[in-house]
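Protein chains in written order, with the numbering used here: chain B, 1 to 226; chain Z, 1 to 166; chain C, 1 to 216.
So the structure is just underneath, and the comments pick up after that.
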Amino acid sequence: MTAKLLPYIASCGLLLLLTGWVWGLAFAPEDAVQGNSYRIIFLHVPASIFAQAIYLFMSICAVMSVVWRVKLAAYLIKSAASVGALITFIALFSGSIWGIPTWGTWWQWDARITSTLILFIMYLGVITLHGSFSNLEKADRLMSILVIVGLVNIPIIKKSVDWWSTLHQPASITVSGAPTIDPSMLYPLFVSILGMGLVLISLGILSSRLHILGREKNKKWVQSYE
Amino acid sequence: MFTELLLYCCVYFCGSPSKKLKNCYSRLKMQKIRKQRLQKLFFIFALSGIGVSLILYSLNSKLDLFYTPSEMTAASLNAETRIKLGGMVKAESIKRLGTTVQFIVTDYQSEVAVSYEGITPDLFKEESGVVALGYFTNGVFAADQIFAKHDENYMPPELKMTEQQL
Amino acid sequence: MISVMASELFKLRKKIRAWLGPLLIMILVLIAFPLSIDISQYDLNKFYFSIIVISLLVISFLATETMFVEDFEDGTLEQIYLQERDFYKLALAKVLIYVLLIGVPMSLIGSLFSFANGVDASQLPQIFITLIFSTLLLFNLFAFGAALSINKGAMLGVLATLPLALPVIILLGRAIRAVQFGNGFYEIMALMIGAGLLVAALVPLVISITLRTHLE
Numbered sequence: 001m002t003a004k005l006l007p008y009i010a011s012c013g014l015l016l017l018l019t020g021w022v023w024g025l026a027f028a029p030e031d032a033v034q035g036n037s038y039r040i041i042f043l044h045v046p047a048s049i050f051a052q053a054i055y056l057f058m059s060i061c062a063v064m065s066v067v068w069r070v071k072l073a074a075y076l077i078k079s080a081a082s083v084g085a086l087i088t089f090i091a092l093f094s095g096s097i098w099g100i101p102t103w104g105t106w107w108q109w110d111a112r113i114t115s116t117l118i119l120f121i122m123y124l125g126v127i128t129l130h131g132s133f134s135n136l137e138k139a140d141r142l143m144s145i146l147v148i149v150g151l152v153n154i155p156i157i158k159k160s161v162d163w164w165s166t167l168h169q170p171a172s173i174t175v176s177g178a179p180t181i182d183p184s185m186l187y188p189l190f191v192s193i194l195g196m197g198l199v200l201i202s203l204g205i206l207s208s209r210l211h212i213l214g215r216e217k218n219k220k221w222v223q224s225y226e
Numbered sequence: 001m002f003t004e005l006l007l008y009c010c011v012y013f014c015g016s017p018s019k020k021l022k023n024c025y026s027r028l029k030m031q032k033i034r035k036q037r038l039q040k041l042f043f044i045f046a047l048s049g050i051g052v053s054l055i056l057y058s059l060n061s062k063l064d065l066f067y068t069p070s071e072m073t074a075a076s077l078n079a080e081t082r083i084k085l086g087g088m089v090k091a092e093s094i095k096r097l098g099t100t101v102q103f104i105v106t107d108y109q110s111e112v113a114v115s116y117e118g119i120t121p122d123l124f125k126e127e128s129g130v131v132a133l134g135y136f137t138n139g140v141f142a143a144d145q146i147f148a149k150h151d152e153n154y155m156p157p158e159l160k161m162t163e164q165q166l
Numbered sequence: 001m002i003s004v005m006a007s008e009l010f011k012l013r014k015k016i017r018a019w020l021g022p023l024l025i026m027i028l029v030l031i032a033f034p035l036s037i038d039i040s041q042y043d044l045n046k047f048y049f050s051i052i053v054i055s056l057l058v059i060s061f062l063a064t065e066t067m068f069v070e071d072f073e074d075g076t077l078e079q080i081y082l083q084e085r086d087f088y089k090l091a092l093a094k095v096l097i098y099v100l101l102i103g104v105p106m107s108l109i110g111s112l113f114s115f116a117n118g119v120d121a122s123q124l125p126q127i128f129i130t131l132i133f134s135t136l137l138l139f140n141l142f143a144f145g146a147a148l149s150i151n152k153g154a155m156l157g158v159l160a161t162l163p164l165a166l167p168v169i170i171l172l173g174r175a176i177r178a179v180q181f182g183n184g185f186y187e188i189m190a191l192m193i194g195a196g197l198l199v200a201a202l203v204p205l206v207i208s209i210t211l212r213t214h215l216e
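Below is the structure:
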């Protein structure tokens, strides 16, 4: 089923992402305080949103895998972890590039940045943990336990900018209250978020296809493929 | 303890257990298991309850000693405690004498004069947010660290100018 | 419960290498650090505490590395599984005994060495309490890592749990700063004690799930 949808999702995603970026980079006005260097927001914000969202998705799959022993959930965790690691790295990298003109430093040990680094290491740890056990069912359960235990990091990332005053600014788009970002910059941001989401979903589908085929090698439906 | 005694009596008195005694035995064992599970659950909940309430207490109290200028003038502060002062830099209040910078932090209700030795970050200018860490002595806040905050408002310059005109 | 703790105490006291080793390494590290830098050039007071914190981290990991391996290999875990089907008491007892037998001396050594930081004697009890509760937190987390990687070596456990230990280090640093600057100590101690109790109550549950997974 996903085979039919994948070209559409991928192309839609790429198109939206490109639209968002061109709109943001070329047509949105420059910021009053930061000048033109704020435009990296169109890469940084979608990347960080999805870095956390992918971890939440992984934790839901982990709960399904541990409690109800759903095998598909376990395969999805592994494939989502690779996508998540990539996008967290992009978030950290783009964040530090943004930091140079605005804060004067490309790294600062404040709570949100450090917690995102911790998130990145957790992604890598999940992949490593799974890869080092030969009994794959045991590996699945252990990986799920680790993902659930690591869930405590996400509220730290989200709330750290509210709890104590850090260098990183608080959220501009909140569920309650009007957004503090001007509409002419808000729309390209939304478009970029949507576009990046679709691109990541297509990447995840590709990666999970690989994992599912690999794990179910001995089943009849795979062998009848060829 | 009592249930254990009963269990042993059950096992002792029936060499070949009849159905009634077997039921008695298994029921007592279930009670013992249930009691143990209850104890464990109670222990976990008690400990986590104390833990969570302590955490909530500490999060509600002033963990960070972050004061705005009005709070600072209202509170009576020890000159040896290192505190954080946060607010906006007042317009046209930055004065540089050599390596010392003097400015006024305001929250539009009261003001505190700050003096700082060192290089100020790029984003530090008037009418923008600042956090200063230091000691409050003799009516002047002697800061030894300054952070310029970039706030979350993104606005094109034309709108900002219209806002100022308003 | 008392019997479980007594048996764990007995087991640990026999393995002298397991509890004496980490303490000696900690003393060595804390002595070696000032020797390795040029004291006249740096103001040691400013970052000696970081060395205490880092050595706490590394030694907690070393101390809990082989917590469950021997029980796993000689069949004790299977026996307990047959009797009680749950490892909560075992995990709780083990962690508590390790904290009492290794963590408390570590905190003592750390607070004594903090004299080198120009801390006066009235602040020592505060530092001691801070260090004890952070060893409680760290031992719990690293015990979880040790349970994850019972027979696959230690690097796996580190990679899996070090990210979770970093917030504890941040908390410990803030507590030490609160002690140094003399304010806000009780609030942050409330945070640390609360987190310590919460973790000490919940992590044995997770450890027992992990150990049960290993036994299947």
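Cβ atoms here follow ideal geometry from the backbone N, Cα and C, with glycine treated the same way.
All values reported here derive from a predicted model rather than from experimental measurement.
Counting contacts by CB-CB distance shorter than 9 Å, is residue i in contact with chain Z?
i        : result
C/Tyr88  : yes
C/Val199 : yes
C/Ser3   : no
C/Ala63  : no
C/Glu8   : no
C/Leu164 : no
C/Ile59  : no
When you compare each of the options to residue i by their alpha carbons, which one comes out closest?
i        : options                                : result
B/Ala91  : B/Met58, B/Val126, B/His44, B/Ala53    : B/His44
B/Ser65  : B/Leu76, B/Tyr55, B/Leu56              : B/Leu76
B/Gly204 : B/Val191, B/Met58, B/Thr114            : B/Met58
B/Ile154 : B/Thr128, B/Gly95, B/Ile113            : B/Ile113
Z/Ser93  : Z/Leu85, Z/Ser115, Z/Gln109            : Z/Ser115
C/Trp19  : C/Leu215, C/Leu77, C/Ile97, C/Ala32    : C/Ile97
C/Arg174 : B/Thr128, B/Asp110, B/Asp140, B/Gly197 : B/Asp110
B/Ile118 : B/Leu198, B/Ser208, B/Gly150           : B/Gly150
C/Lys14  : C/Leu101, C/Asp38, C/Leu30, C/Leu24    : C/Leu101
For residue i, would you say it is in contact with chain C, using Cβ-to-Cβ distances shorter than 9 Å as the test?
i        : result
Z/Ser26  : no
B/Met58  : no
B/Val66  : yes
B/Ala62  : no
Z/Ile55  : yes
Z/Cys58  : For the sequence presented, residue 58 of chain Z should be read as Ser rather than Cys. Yes, Z/Ser58 lies at the interface with chain C (some Cβ there is under 9 Å from its Cβ).
B/Ser79  : no
B/Lys138 : yes
B/Arg89  : Per the sequence presented here, residue 89 of chain B reads as Phe, with Arg not at that position. No, no contact with chain C.
B/Gly150 : yes
B/Ile121 : yes
Is it buried or exposed, residue i, if we count other Cβ atoms within 10 angstroms and call 16 or more buried?
i        : result
Z/Leu56  : exposed
C/Glu65  : buried
C/Glu26  : Residue identity check: residue 26 of chain C is Met in the sequence provided, not Glu. Answer is buried; the Cβ neighbour count reaches 16.
Z/Met88  : buried
Z/Met30  : exposed
C/Lys94  : buried
C/Glu227 : Residue 227 of chain C lies beyond the range of chain C shown here (1 to 216); nothing can be said about it.
B/Ser192 : buried
Z/Gly51  : buried
B/Ile54  : buried
C/Met67  : buried
B/Tyr123 : buried
C/Ala195 : buried
C/Met155 : exposed
Say yes only if the C-beta of residue i is nearer than 8 Å to one or more non-hydrogen atoms of the ligand NAP, and no if none qualify.
i        : result
Z/Ala132 : As far as ligands go, the structure on display features none, and thus does not contain the ligand NAP.
Does any C-beta atom of chain B lie closer than 9 Å to the C-beta of residue i?
i        : result
C/Ile170 : yes
C/Phe47  : no
C/Leu137 : no
Any 3 or more C-beta pairs closer than 8 Å across the segment 183-196 of chain C and the segment 41-48 of chain Z: no
Inter-stretch contact at 8 Å, needing at least 3 Cβ pairs: the segment 124-135 of chain C / the segment 49-63 of chain C: yes
The segment 164-173 of chain C touching the segment 97-113 of chain C, judged by at least three CB pairs closer than 8 Å: no
Positions along the segment 28-52 of chain Z whose CB lies within less than 7 Å of some CB in chain C: Listed by position, the residues of the segment 28-52 of chain Z near chain C (Cβ gap below 7 Å) are Lys40, Ile44, Leu47, Ser48, Ile50, Gly51, Val52.
Chain C contacts made by the segment 85-102 of chain Z, where a contact means CB separation under 8 Å: none
The segment 198-215 of chain C contacting the segment 130-145 of chain B, beta-carbon criterion three pairs below 8 Å: The segment 198-215 of chain C vs the segment 130-145 of chain B: in contact.
Interface positions of the segment 70-82 of chain C facing chain Z (Cβ-Cβ less than 8 Å), listed along the chain: Residues passing the 8 Å Cβ filter: none.
Proximal residues, the segment 200-213 of chain C versus chain B, C-beta separation under 8 Å: Val206, Ile209, Thr210, Thr213
Interface positions of the segment 185-196 of chain C facing chain Z (Cβ-Cβ less than 9 Å), listed along the chain: Tyr186, Glu187, Ile188, Met189, Ala190, Leu191, Met192, Ile193, Gly194, Ala195, Gly196
contact_flag[the segment 79-88 of chain B, the segment 47-61 of chain B] where n(CB pairs < 8 Å) is 3 or more: yes
Three CB pairs or more closer than 8 Å across the segment 53-67 of chain C and the segment 145-156 of chain C: yes
Contacting positions in the segment 87-108 of chain C - beta carbon closer than 8 Å to chain B: none
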